[in-house]
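For the protein sequence lines, the chains are U and A, in the order given.
Take the first sequence: its position 410, counted from the start at 1, is 410 in our numbering, and no numbers get skipped.
In short: position in the second sequence from 1, add 548, done, that's our numbering.
All residues carry an ideal CB built from backbone N, CA and C; glycine is no exception.
Working notes, beginning with the structure itself.
Number of protein chains: 2
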Amino acid sequence: MSGFKIALAQLNFTIGDFESNTAKMADVIFQAKQDKVDLVVFSELSVCGYIPEDLLDYAWFTEKCENALEAVARTCVGIAAVVGGVMRNPSKGRSLQNVACMMYDGRIQEIVPKTLLPNYDVFNENRYFQSGTESQVIEFKGVKIGIAICEDLWDIYNDFEYLTSPGKALKSLGAELIINPSASPFNLGKHSLRNAFFGGHASRFDLPVLYVNQVGVHTELIFDGSSRAINGNGEVVLQAPSFEETVVYTQFKDGQFEMGQSVPLETNDTAQLYKSLIFGIRDYFKKMGFTHAILGASGGIDSAVVQVLATEALGAKNVHPILMPSMFSSDHSVTDAEKLAAILGNIPITLPIKDIYDTFLTTLGPVFAGSPFGLAEENIQARARAVLLMSVSNKMGHILLNTSNKSELSVGYSTLYGDLCGAVSPLGDVYKTQVYALAKYINRQQEIIPKNILIKSPSAELSPGQKDSDSLPDYPVLDEILTLYIELKKGHNELITMGYDAVIVNKVIALVNKSEYKRYQAPPILRVSAKAFGKGRIMPLVANYNSQ
Amino acid sequence: MSGFKIALAQLNFTIGDFESNTAKMADVIFQAKQDKVDLVVFSELSVCGYIPEDLLDYAWFTEKCENALEAVARTCVGIAAVVGGVMRNPSKGRSLQNVACMMYDGRIQEIVPKTLLPNYDVFNENRYFQSGTESQVIEFKGVKIGIAICEDLWDIYNDFEYLTSPGKALKSLGAELIINPSASPFNLGKHSLRNAFFGGHASRFDLPVLYVNQVGVHTELIFDGSSRAINGNGEVVLQAPSFEETVVYTQFKDGQFEMGQSVPLETNDTAQLYKSLIFGIRDYFKKMGFTHAILGASGGIDSAVVQVLATEALGAKNVHPILMPSMFSSDHSVTDAEKLAAILGNIPITLPIKDIYDTFLTTLGPVFAGSPFGLAEENIQARARAVLLMSVSNKMGHILLNTSNKSELSVGYSTLYGDLCGAVSPLGDVYKTQVYALAKYINRQQEIIPKNILIKSPSAELSPGQKDSDSLPDYPVLDEILTLYIELKKGHNELITMGYDAVIVNKVIALVNKSEYKRYQAPPILRVSAKAFGKGRIMPLVANYNSQ
Chain U
1 MSGFKIALAQ LNFTIGDFES NTAKMADVIF QAKQDKVDLV VFSELSVCGY
51 IPEDLLDYAW FTEKCENALE AVARTCVGIA AVVGGVMRNP SKGRSLQNVA
101 CMMYDGRIQE IVPKTLLPNY DVFNENRYFQ SGTESQVIEF KGVKIGIAIC
151 EDLWDIYNDF EYLTSPGKAL KSLGAELIIN PSASPFNLGK HSLRNAFFGG
201 HASRFDLPVL YVNQVGVHTE LIFDGSSRAI NGNGEVVLQA PSFEETVVYT
251 QFKDGQFEMG QSVPLETNDT AQLYKSLIFG IRDYFKKMGF THAILGASGG
301 IDSAVVQVLA TEALGAKNVH PILMPSMFSS DHSVTDAEKL AAILGNIPIT
351 LPIKDIYDTF LTTLGPVFAG SPFGLAEENI QARARAVLLM SVSNKMGHIL
401 LNTSNKSELS VGYSTLYGDL CGAVSPLGDV YKTQVYALAK YINRQQEIIP
451 KNILIKSPSA ELSPGQKDSD SLPDYPVLDE ILTLYIELKK GHNELITMGY
501 DAVIVNKVIA LVNKSEYKRY QAPPILRVSA KAFGKGRIMP LVANYNSQ
Chain A
549 MSGFKIALAQ LNFTIGDFES NTAKMADVIF QAKQDKVDLV VFSELSVCGY
599 IPEDLLDYAW FTEKCENALE AVARTCVGIA AVVGGVMRNP SKGRSLQNVA
649 CMMYDGRIQE IVPKTLLPNY DVFNENRYFQ SGTESQVIEF KGVKIGIAIC
699 EDLWDIYNDF EYLTSPGKAL KSLGAELIIN PSASPFNLGK HSLRNAFFGG
749 HASRFDLPVL YVNQVGVHTE LIFDGSSRAI NGNGEVVLQA PSFEETVVYT
799 QFKDGQFEMG QSVPLETNDT AQLYKSLIFG IRDYFKKMGF THAILGASGG
849 IDSAVVQVLA TEALGAKNVH PILMPSMFSS DHSVTDAEKL AAILGNIPIT
899 LPIKDIYDTF LTTLGPVFAG SPFGLAEENI QARARAVLLM SVSNKMGHIL
949 LNTSNKSELS VGYSTLYGDL CGAVSPLGDV YKTQVYALAK YINRQQEIIP
999 KNILIKSPSA ELSPGQKDSD SLPDYPVLDE ILTLYIELKK GHNELITMGY
1049 DAVIVNKVIA LVNKSEYKRY QAPPILRVSA KAFGKGRIMP LVANYNSQ
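Below is the structure:
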């Protein structure tokens, strides 16, 4: 009977870094040969990383990509590989195709273009690629293999149904195994979605599927790996870990995968969030060549959680909390922040803002004369802090972590060019209630975040006695409404029908809508939900609508 | 013989403002009836404005859009209209379609979906719409009309050729007139491109075309109108003005348009730039409900040109230049800025930054101790100014105009959260050499911008004696390289082959590539070129490439 050994190469590629990407692939192929592997499967767009975006507009980029594919092919002697990349489209239409190449005997034997191009949420593949139109099966060691690139298998798992089904086409061509090189970003709920998807796929086609996903951070997107082999009955026989670069082997024999060693997927949402964000920060810094992070440590829960995540990701000595108390800061702001730094082993720096604030007010005297304390004065404090943080960043070469959460970003409860600053935002896709859950998770075994930080009322401390609850609904209510409006795209009337208070709904939606201009200039946000701000939610600024 | 009177309704719609959009349309239809017009043609997505982006994800939005189409149809009694909007797709695929409706006798008679969906540069229509697949002609007063929505006629005028040609299909169905409701944004060179396009279209199909474009600002995009009627021989018989809301009439008789009154299109690039930017600022402010603008007036050419444009757009009393001299400002910075304000009739405010800068340095003493003056100190000045500007903005309710130009934005010669701040950037798509051309154009009849501003060496004045030319190539060379790299997508090797100095090319390209993170957080930029920063150029931040 026919059978062969397959390697699932779940690698962390860097966009545009063809040398390092192909060197990694060559290492895996070399080792696989030693281990008598017959076929190595790499993820989607493996030679160039997913997705190079408008670098694809440049001829040099496509050339390098095609050359890299050729170079990998030359190493495929005595072994086969499925390798993803970009190639010029030989026919009419868009000039490029997103392809998977079957390579052996030192050259590219078959080129399979992607048929279904995702173009929604964070995906924009129609911008670059011409769809493939015909499916084909490839005979390998007596087995008919169908290669379906990522979305090609997702014809019915979106908000809409594609006009064609490459999976169905491959089945009808007699495929006995589907290989699915992917670039599928992580978000909460994605594991369950993939379970449903692969289960459904099995029941639709009764075909084993090999799913190989990339791992690593590509600007906003966190790719989790979590590659797997699933038999035709839907049984997962091999599960690779999440957020980890790895190569795992499986044996395909008599039309199915043999049972392998699996790493159970994390099922707890908060634990997933915790792991994904630490991995996200670490890989973002690593790929950008950064080592040290700074953040404004307010003694509040958002900065505390960011500080813990960063410390876990980068090491205690590489994280520098900056305390910037004002005349409106409560005593516990400073003591709590100092306590957290001591527990984590970070060395804090304290830079009070009172003198700066006073000098701004003196300079602005002619403009501000006679007007009461208000938003302008509050924002000066937040912006003075941003200038201090960026000054430390510029002087020391440390990178500023933004500490905004998704609830604040949603309703615009943040100061543009103030606390909205940062090179990357770890919590920008994490609602305030999730931030609390993270804090409790962090403290699950011992008190890492001082208890006082968890129990005090959230406050921006920009005016005397200020509390978030003065101007916002309580966070549990706020986050529910935000989730329904942003993630689930419910409108004003639907929310009222669901029983939410009309006054609160009106207020929240109005705040979200009128804060688009702040989000337009926000830092890149690590995406951990199915609908994150950034590339996944594109809104007009010049518009007039009320969501009713 | 068959004949009828057509109105080209070149209107300025606001995205999402169905009430005001349909009220405008009703007024035009009412007046057209008085004037014995037979058919009113509105632009693409006229009821909702082009393009609502992810508002299209909301059910309430589509419902309002469909209701608005019905409402306009009810006014079409004794007159017909072609009206653009979004409707639910009755078939498989994406849930929406971009349609043009032929309305008469008080209801929608035909629905024509758009076939070619642009998905490149600033366009992203595959994100929302399912393509139409079959073309149809509509018989109206004995004439077979083919409706082709915007891109539907552009099958061969892009970097690639679409797989289908709706124009060809309409011709073969016997169309005698093509109506082309459009949403075609302005950029320099667009007039010539449209001339070539419509000329080409005529020679391909020998069919008269009625092109109706919207006018107005939609976030980055400036739509110019410039609607026209072209006969089958390519002759333009009616040319509507640019950057102006208007309704013009034409008579279609015996298979062609009768000669009408035309407004000649501006052919001078700098004059076009001038008009488009003034229109852009004015409409941006109007639609956002803003009346007053502030800007940092440095005495340099960029802020001078922005100040002139804003004064022209908003009125002298509504533009507030803020002078923020430092210890490094030359005397002429202040006197030139004051002189310009006096000429324009703006009332300047002076807020020196020395005390603020000194206080920042004192506060940062523990961090900065022993290190020489450098980037951090320079940026503190730019950021202190940004805080002052935003403080005035917050206190007075005035809106900050960004004064960065495209050359600076390209090479990152600007301070994030400093001079990169602003609600909108009028010059962010205008290279420095074009800024000079604008200044000369502004002074073409009399000295508006003081001569000294035009002749002094560009300087950020953030350190003693600093000049842009200390760290950048001369602007004419820089702008050439930038245009080739950004607009024309030439790579490093192509530039060398073209004869540019390798050291300079290396440096410029490296600066552009490593400044992506600054542009990620830049304000919306009014787009006036074929390749502007913002939605039209999407680059990964986490990547490693050198463009060679």
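Residue-level contact to chain A via CB, residue i, 8 Å cutoff
| i | result |
| --- | --- |
| His-398 of chain U | no |
| Gly-167 of chain U | no |
| Met-288 of chain U | yes |
| Asp-152 of chain U | no |
| His-191 of chain U | no |
| Met-390 of chain U | yes |
| Cys-421 of chain U | yes |
Chain U within 8 Å of residue i, Cβ atoms only
| i | result |
| --- | --- |
| Thr-562 of chain A | yes |
| Met-635 of chain A | no |
| Tyr-965 of chain A | yes |
| Gly-828 of chain A | no |
| Tyr-1048 of chain A | no |
| Met-549 of chain A | With a pLDDT of 49 at Met-549 of chain A, under the threshold of 50, the predicted position of this residue should be treated as unreliable, though the coordinate-derived value follows. No - not a single Cβ of chain U is within 8 Å of the one on Met-549 of chain A. |
| Ala-861 of chain A | no |
| Ala-885 of chain A | no |
| Phe-590 of chain A | no |
For residue j and residue i, the rounded distance between their alpha carbons
| i | j | result |
| --- | --- | --- |
| Phe-827 of chain A | Leu-55 of chain U | 32 Å |
| Ala-1070 of chain A | Ser-298 of chain U | 26 Å |
| Tyr-475 of chain U | Thr-433 of chain U | 6 Å |
| Leu-69 of chain U | Val-47 of chain U | 7 Å |
| Asn-98 of chain U | Gln-579 of chain A | 52 Å |
| Ala-23 of chain U | Leu-11 of chain U | 12 Å |
| Gln-582 of chain A | Ile-627 of chain A | 10 Å |
| Ile-656 of chain A | Phe-677 of chain A | 20 Å |
| Asn-569 of chain A | Thr-623 of chain A | 14 Å |
| Leu-758 of chain A | Thr-798 of chain A | 10 Å |
| Val-576 of chain A | Ala-619 of chain A | 14 Å |
Beta-ladder partner(s) of residue i, from DSSP
| i | result |
| --- | --- |
| Gln-558 of chain A | A:Thr-794 |
| Ile-829 of chain A | DSSP, once it has assigned bridges, lists no residue as partnering Ile-829 of chain A. |
| Leu-949 of chain A | A:Val-972 |
| Leu-725 of chain A | A:Ile-693 |
| Asn-761 of chain A | A:Ser-730 |
| Gln-256 of chain U | U:Lys-253 |
Cβ-based neighbour list, residue i, same chain, cut-off 6 Å, excluding 5 preceding and 5 following
| i | result |
| --- | --- |
| Ala-341 of chain U | Pro-321, Pro-348 |
| Tyr-431 of chain U | Lys-406, Ser-407, Asp-479 |
| Ala-592 of chain A | A small fix is needed here, since residue 592 of chain A is Glu in this sequence, not Ala. Result list for Glu-592 of chain A: Tyr-598, Gly-632, Ile-697, Cys-698, Pro-729, Ser-730, Ala-731, in chain order. |
| His-739 of chain A | Leu-813 |
Residue i, enclosing alpha helix (DSSP H) - first and last residue
| i | result |
| --- | --- |
| Arg-385 of chain U | 375 to 396 |
| Gly-167 of chain U | 166 to 172 |
| Ile-695 of chain A | Run containing Ile-695 of chain A: none in the alpha helix (DSSP H); it sits in the beta strand (DSSP E), 691 to 695. |
| His-1040 of chain A | 1040 to 1045 |
For residue i, the first and last residue of its enclosing beta strand (DSSP E)
| i | result |
| --- | --- |
| Ile-222 of chain U | 221 to 224 |
| Pro-476 of chain U | Taken as a continuous stretch (DSSP letters only), Pro-476 of chain U belongs to no beta strand (DSSP E), being part of the alpha helix (DSSP H) at 475 to 482. |
| Ala-648 of chain A | 644 to 652 |
| Arg-655 of chain A | 655 to 661 |
| Glu-66 of chain U | Here Glu-66 of chain U belongs to no beta strand (DSSP E); instead the alpha helix (DSSP H) covers 59 to 75. |
Own chain, CB closer than 7 Å to residue i, minus 5 neighbours either side, in chain order
| i | result |
| --- | --- |
| Leu-1020 of chain A | Val-959, Tyr-961, Leu-1026 |
| Gly-189 of chain U | Ala-530 |
| Leu-221 of chain U | Val-122, Pro-185, Arg-527 |
Chain-order list of residues whose beta-carbon lies under 8 Å from that of residue i (same chain, five-residue window excluded)
| i | result |
| --- | --- |
| Asp-159 of chain U | Tyr-120 |
| Asp-105 of chain U | Cys-76, Val-77 |
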